[in-house]
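Protein chains: 4
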Amino acid sequence: MARDSLDDLNAKLLAFARERDWEQFHSPKNLSMALAGECGELLEHFQWLNEQQSAELDADRKQQVALEMADILIYLIRLAERLDVDLVDSAYRKMAMNRERYPTERVRGDARRADEYD
Amino acid sequence: MARDSLDDLNAKLLAFARERDWEQFHSPKNLSMALAGECGELLEHFQWLNEQQSAELDADRKQQVALEMADILIYLIRLAERLDVDLVDSAYRKMAMNRERYPTERVRGDARRADEYD
Amino acid sequence: MARDSLDDLNAKLLAFARERDWEQFHSPKNLSMALAGECGELLEHFQWLNEQQSAELDADRKQQVALEMADILIYLIRLAERLDVDLVDSAYRKMAMNRERYPTERVRGDARRADEYD
Amino acid sequence: MARDSLDDLNAKLLAFARERDWEQFHSPKNLSMALAGECGELLEHFQWLNEQQSAELDADRKQQVALEMADILIYLIRLAERLDVDLVDSAYRKMAMNRERYPTERVRGDARRADEYD
Numbered sequence: 006m007a008r009d010s011l012d013d014l015n016a017k018l019l020a021f022a023r024e025r026d027w028e029q030f031h032s033p034k035n036l037s038m039a040l041a042g043e044c045g046e047l048l049e050h051f052q053w054l055n056e057q058q059s060a061e062l063d064a065d066r067k068q069q070v071a072l073e074m075a076d077i078l079i080y081l082i083r084l085a086e087r088l089d090v091d092l093v094d095s096a097y098r099k100m101a102m103n104r105e106r107y108p109t110e111r112v113r114g115d116a117r118r119a120d121e122y123d
Numbered sequence: 006m007a008r009d010s011l012d013d014l015n016a017k018l019l020a021f022a023r024e025r026d027w028e029q030f031h032s033p034k035n036l037s038m039a040l041a042g043e044c045g046e047l048l049e050h051f052q053w054l055n056e057q058q059s060a061e062l063d064a065d066r067k068q069q070v071a072l073e074m075a076d077i078l079i080y081l082i083r084l085a086e087r088l089d090v091d092l093v094d095s096a097y098r099k100m101a102m103n104r105e106r107y108p109t110e111r112v113r114g115d116a117r118r119a120d121e122y123d
Numbered sequence: 006m007a008r009d010s011l012d013d014l015n016a017k018l019l020a021f022a023r024e025r026d027w028e029q030f031h032s033p034k035n036l037s038m039a040l041a042g043e044c045g046e047l048l049e050h051f052q053w054l055n056e057q058q059s060a061e062l063d064a065d066r067k068q069q070v071a072l073e074m075a076d077i078l079i080y081l082i083r084l085a086e087r088l089d090v091d092l093v094d095s096a097y098r099k100m101a102m103n104r105e106r107y108p109t110e111r112v113r114g115d116a117r118r119a120d121e122y123d
Numbered sequence: 006m007a008r009d010s011l012d013d014l015n016a017k018l019l020a021f022a023r024e025r026d027w028e029q030f031h032s033p034k035n036l037s038m039a040l041a042g043e044c045g046e047l048l049e050h051f052q053w054l055n056e057q058q059s060a061e062l063d064a065d066r067k068q069q070v071a072l073e074m075a076d077i078l079i080y081l082i083r084l085a086e087r088l089d090v091d092l093v094d095s096a097y098r099k100m101a102m103n104r105e106r107y108p109t110e111r112v113r114g115d116a117r118r119a120d121e122y123d
């Protein structure tokens with residue numbers, strides 16, 4: 006029977022929090038802050054690099070970046086668990102909305118924000 | 006045969022970007038900014054709520070929050086693809102590190118940051 | 006003759022950057038990332054505190070928070086210099102807009118976002 | 006007699022909050038979230054621009070960016086008021102620390118983070 010990586014991670018992260026009696030700290034408000042804090046750490050890796058350099062990280066930096074991304078995924082999964090949000094289903098719904106907002110023929114090669122097309 | 010939700014999302018997001026010739030904008034630097042921008046939008050939903058309220062969103066607000074979380078997942082997957090990072094593997098490595106940093110008996114019920122324990 | 010603290014800071018920060026030949030890194034894009042990175046560090050101080058605790062920091066933590074806030078001000082002033090934005094004038098314009106958006110009699114004791122009033 | 010722009014703004018922002026009975030929402034925790042949320046909006050203006058483009062905003066975009074920066078300054082001043090932090094004094098202390106951490110002769114033309122020099 007198929008198991009999904011996000012479901013597995015969710016179960017293990019929930020157990021990790023429960024073993025430490027940390028669920029009391031994991032309000033959605035607090036988790037949204039932790040998530041944003043990790044995004045801030047991710048930004049710091051890239052802020053003085055140009056775009057080209059950001060795509061050519063050395064092994065050590067890439068390792069550090071991968072762990073920041075892990076933190077983001079971890080808090081995102083914790084938040085989804087607390088709010089009973091299905092992350093994958095939500096991503097597919099958002100992609101369907103994006104498909105309508107950004108029709109291929111209209112936006113090809115142009116990354117302006119949707120509100121600028123109106 | 007089992008397919009994993011993150012792999013499926015990754016393939017569809019890559020196709021979405023390519024159809025629009027948007028890969029040129031998706032440098033890791035730019036994607037880290039987009040990711041952090043979405044986290045900022047998530048924060049805005051929770052900033053004036055107390056912790057209790059943040060756990061009791063009405064259906065409409067919960068829907069909006071789920072779509073912000075979808076955006077975060079989408080940009081995180083795009084960034085992982087560009088940097089060739091395995092998100093799930095990185096999350097398990099980070100969890101192993103956290104298990105060492107925060108031994109259950111030491112941190113139970115205490116959410117202080119690791120650097121405060123030293 | 007009156008000197009203003011923001012003007013003084015701006016002059017000293019510009020000299021600091023020039024002495025180190027760092028203006029080349031201070032594009033508005035990069036500075037916006039550095040600013041957001043510092044906000045992420047600020048969040049980390051508060052993420053596991055409740056609101057009450059966040060108002061009662063001990064001296065050491067308050068010192069650390071003050072230095073994060075200093076970083077935010079520093080990058081904000083650098084960004085204003087690069088974009089030739091008058092921060093104080095912009096703040097007064099924004100306050101005038103907020104006064105219209107949030108009339109006292111309508112929003113007293115209610116922090117919902119403006120778009121929810123419509 | 007000299008008046009300082011930050012003091013003036015602080016007094017007006019405090020009055021604005023009090024007239025609306027909004028001080029109850031302005032815990033340091035909440036204000037740190039609002040500040041980070043505004044930084045997220047700032048990032049969104051720059052995320053798909055290259056560095057050069059970010060320095061050459063058209064008048065309309067520059068106006069929008071100036072108002073995001075105003076929001077950041079506004080929440081930073083509110084936070085400083087709630088925590089009784091002297092922003093200008095903190096910025097000078099941080100600059101003195103940076104002068105030691107980044108000696109001119111060592112870092113000229115190099116924006117790597119301080120921890121990478123060690």
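Protein chains in written order, with our numbering: chain S, 6 to 123; chain Z, 6 to 123; chain F, 6 to 123; chain L, 6 to 123. Virtual Cβ for every residue (Gly too), placed ideally from N, Cα, C.
Check: What first and last residue would you give for the alpha helix (DSSP H) that runs through tyrosine 97 of chain L?
Finding: What you label residue 97 of chain L is simply residue 92 of the fourth sequence in a count that begins at 1. Note, tyrosine 97 of chain L: alpha helix (DSSP H), 92-106.
Next item on the list: Go ahead and label aspartate 76 of chain F buried or exposed: buried means 16 or more other beta carbons lie within 10 angstroms of its beta carbon, across all protein chains shown.
Entry: Locating residue 76 of chain F in the third sequence gives position 71, counting from the first residue. Buried: at least 16 other Cβ atoms inside 10 Å.
Note to self: Which of the three DSSP states is assigned to leucine 47 of chain S in this structure?
What the structure shows: Counting from 1 along the first sequence, the entry for residue 47 of chain S is found at position 42. The answer is helix: DSSP assigns leucine 47 of chain S an H, G or I state.
Next item on the list: Determine which residues of the segment 33-44 of chain F have a Cβ less than 8 Å from any Cβ of chain S, and write them out in chain order.
Entry: Asn35, Met38, Ala39, Ala41, Gly42, Glu43 and Cys44
Margin query: So, with DSSP's three-state summary, where would you put aspartate 65 of chain F?
Written below: Your numbering for residue 65 of chain F matches position 60 in the third sequence. Note: aspartate 65 of chain F maps to helix in three-state DSSP.
Next item on the list: Would you please verify whether the beta carbon of glutamate 105 of chain S is less than 9 Å from any beta carbon of chain Z?
Entry: Here the question's residue 105 of chain S lines up with position 100 in the first sequence. Glutamate 105 of chain S does not count as touching chain Z.
Checklist line | Residue range of the unbroken alpha helix (DSSP H) whose run includes arginine 111 of chain F | finding: Start at 1 with the first residue of the third sequence, and residue 111 of chain F comes out as number 106. Note, arginine 111 of chain F: alpha helix (DSSP H), 109-112.
Item checked: Interface partners of alanine 116 of chain S on chain L, CB under 8 Å -> Reading the first sequence from its first residue, position 111 is the one you call residue 116 of chain S. Per Cβ cutoff of 8 Å: Trp53.
Notebook entry, point to check: To the nearest angstrom, how far is it from the Cα of glutamate 46 of chain Z to the Cα of leucine 72 of chain S?
Noted result: Locating residue 46 of chain Z in the second sequence gives position 41, where the first residue counts as 1. Locating residue 72 of chain S in the first sequence gives position 67, where the first residue counts as 1. Computed Cα separation, rounded: 23 Å.
Check: When the cut-off is 9 Å and only beta carbons count, does arginine 83 of chain F lie next to chain L?
Finding: Within the third sequence, residue 83 of chain F is the residue found at index 78, counting from 1. Closer than 9 Å: no.
Next item on the list: Let me know the secondary structure DSSP gives serine 37 of chain S once reduced to three states.
Entry: What you label residue 37 of chain S is simply residue 32 of the first sequence in a count that begins at 1. Looking at serine 37 of chain S - three-state DSSP - the assignment turns out to be helix.
Checklist line | Members of the segment 54-66 of chain L near chain S, C-beta cut-off 8 Å | finding: Asn55 and Glu56
Next item on the list: Answer yes or no: does any C-beta atom of chain S fall closer than 9 Å to that of leucine 48 of chain F?
Entry: Walking along the third sequence from the start, residue 48 of chain F turns up at place 43. Taking Cβ atoms only, chain S reaches closer than 9 Å to leucine 48 of chain F, which makes this a yes.
Next item on the list: List the residues of chain L whose Cβ lies closer than 7 Å to the Cβ of phenylalanine 21 of chain Z, in chain order.
Entry: Taking the first residue of the second sequence as 1, we reach residue 21 of chain Z at position 16. Those within 7 Å of phenylalanine 21 of chain Z in chain L number zero; the least Cβ separation is about 16 Å.
Check: leucine 81 of chain Z to aspartate 9 of chain L, Cα distance in whole Å?
Finding: As a position in the second sequence, residue 81 of chain Z is number 76, starting the count at 1. As a position in the fourth sequence, residue 9 of chain L is number 4, starting the count at 1. So the alpha carbons of these two residues sit roughly 43 Å apart.
Next item on the list: Could you check the C-alpha separation between histidine 31 of chain L and aspartate 94 of chain L for me, to the nearest Å?
Entry: Taking the fourth sequence and counting its residues from 1, the one referred to as residue 31 of chain L is at position 26. Taking the fourth sequence and counting its residues from 1, the one referred to as residue 94 of chain L is at position 89. Roughly 23 Å between the two C-alpha positions.
Check: Anyone know if the C-beta pair for methionine 38 of chain Z and leucine 48 of chain L falls short of 9 Å?
Finding: Counting from one through the second sequence, the residue named residue 38 of chain Z turns up at place 33. Counting from one through the fourth sequence, the residue named residue 48 of chain L turns up at place 43. Yes, Cβ-Cβ distance for methionine 38 of chain Z and leucine 48 of chain L is below 9 Å.
Check: Using a beta-carbon distance below 9 Å, is alanine 16 of chain L in contact with chain F?
Finding: Working through the fourth sequence from its first residue, we reach residue 16 of chain L at position 11. No, because no Cβ of chain F sits closer than 9 Å to the Cβ of alanine 16 of chain L.
Next item on the list: Counting only the same chain and skipping the five closest in sequence on each side, list residues whose C-beta sits under 6 Å from that of leucine 14 of chain Z.
Entry: Here residue 14 of chain Z is taken as the residue at index 9 of the second sequence, counted from 1. Once the five neighbours on either side are set aside, the close Cβ partners of leucine 14 of chain Z are Ile82.
Margin query: Tell me which residues share the same chain as leucine 92 of chain F and place their Cβ nearer than 8 Å to its Cβ, disregarding the 5 neighbours each side in the sequence.
Written below: Sequence index remark: in the third sequence, residue 92 of chain F carries index 87 (1-based). Within the same chain, leucine 92 of chain F has close Cβ partners Leu11, Leu81, Ile82 and Ala85.
Margin query: Quick check on glutamine 52 of chain Z: does DSSP put it in helix, strand or coil?
Written below: As a first step, residue 52 of chain Z must be located in the second sequence, where it is residue number 47. Glutamine 52 of chain Z: coil per DSSP, three-state reduction.
Check: Taking three-plus beta-carbon pairs below 8 Å as touching, is the segment 53-69 of chain S in contact with the segment 21-36 of chain S?
Finding: no
Notebook entry, point to check: Between the C-alpha atoms of histidine 50 of chain S and valine 70 of chain S, what's the straight-line distance to the nearest angstrom?
Noted result: Locating residue 50 of chain S in the first sequence gives position 45, where the first residue counts as 1. Locating residue 70 of chain S in the first sequence gives position 65, where the first residue counts as 1. C-alpha separation (whole angstroms): 7 Å.
Next item on the list: Apply the 10 Å Cβ neighbour rule to proline 33 of chain L and answer buried if 16 or more other Cβ atoms are within range, or exposed otherwise.
Entry: For the purposes of this step, residue 33 of chain L is taken as the residue at position 28 of the fourth sequence. So proline 33 of chain L counts as buried.
Checklist line | C-alpha distance - lysine 67 of chain F paired with glycine 42 of chain Z, whole-angstrom precision | finding: In the third sequence, counting from the first residue as 1, residue 67 of chain F sits at position 62. In the second sequence, counting from the first residue as 1, residue 42 of chain Z sits at position 37. Those two C-alpha atoms are separated by around 27 Å.
Item checked: Cβ-based burial, alanine 20 of chain S [other Cβ within 10 Å; buried from 16] -> In the first sequence, residue 20 of chain S corresponds to position 15, counting from 1. With fewer than 16 Cβ atoms within 10 Å of its Cβ, alanine 20 of chain S is classed as exposed.
Margin query: Mapping the DSSP letters down to three states, classify aspartate 13 of chain L as helix, strand or coil.
Written below: For the purposes of this step, residue 13 of chain L is taken as the residue at position 8 of the fourth sequence. It is helical.
Note to self: If you reduce the DSSP assignment to three classes, tell me which class arginine 8 of chain Z lands in.
What the structure shows: Taking the first residue of the second sequence as position 1, residue 8 of chain Z is located at position 3. Residue state, collapsed to three classes: coil.
Margin query: Quick check on this structure: which residue in Z:Asn35, Z:Ala22, Z:Lys99 and Z:Asp89 has the alpha carbon closest to the alpha carbon of lysine 17 of chain S?
Written below: By one-based count along the first sequence, residue 17 of chain S stands at place 12. Closest option to lysine 17 of chain S, Cα to Cα, is Z:Lys99.
Notebook entry, point to check: Under a Cβ-count criterion, where at least 16 other Cβ atoms within 10 Å of its own Cβ denotes burial, should glutamine 52 of chain S be classed as buried or exposed?
Noted result: Taking the first residue of the first sequence as position 1, residue 52 of chain S is located at position 47. With 16 or more other Cβ atoms within 10 Å, it is buried.
Item checked: Same chain only: Cβ atoms within 8 Å of alanine 22 of chain Z, ignoring 5 sequence neighbours per side -> If you number the second sequence from 1, residue 22 of chain Z lands on position 17. The residues are Glu28, His31 and Arg83.
Next item on the list: Pull up the distance between the alpha-carbon of leucine 88 of chain L and that of asparagine 35 of chain L, whole angstroms please.
Entry: The sequence position of residue 88 of chain L within the fourth sequence is 83, counting from 1. The sequence position of residue 35 of chain L within the fourth sequence is 30, counting from 1. Going from the Cα of leucine 88 of chain L to the Cα of asparagine 35 of chain L covers about 12 Å.
Next item on the list: Leaving out five residues on either side along the sequence, give the residues of the same chain with a beta carbon under 7 Å from the beta carbon of alanine 116 of chain F.
Entry: By 1-based counting over the third sequence, the position of residue 116 of chain F is 111. Closer than 7 Å at the Cβ level, and outside the excluded window around alanine 116 of chain F, lies no residue.
Item checked: Neighbour list for glutamate 24 of chain F in chain L, Cβ cutoff strictly below 7 Å -> Locating residue 24 of chain F in the third sequence gives position 19, where the first residue counts as 1. Result: Thr109.
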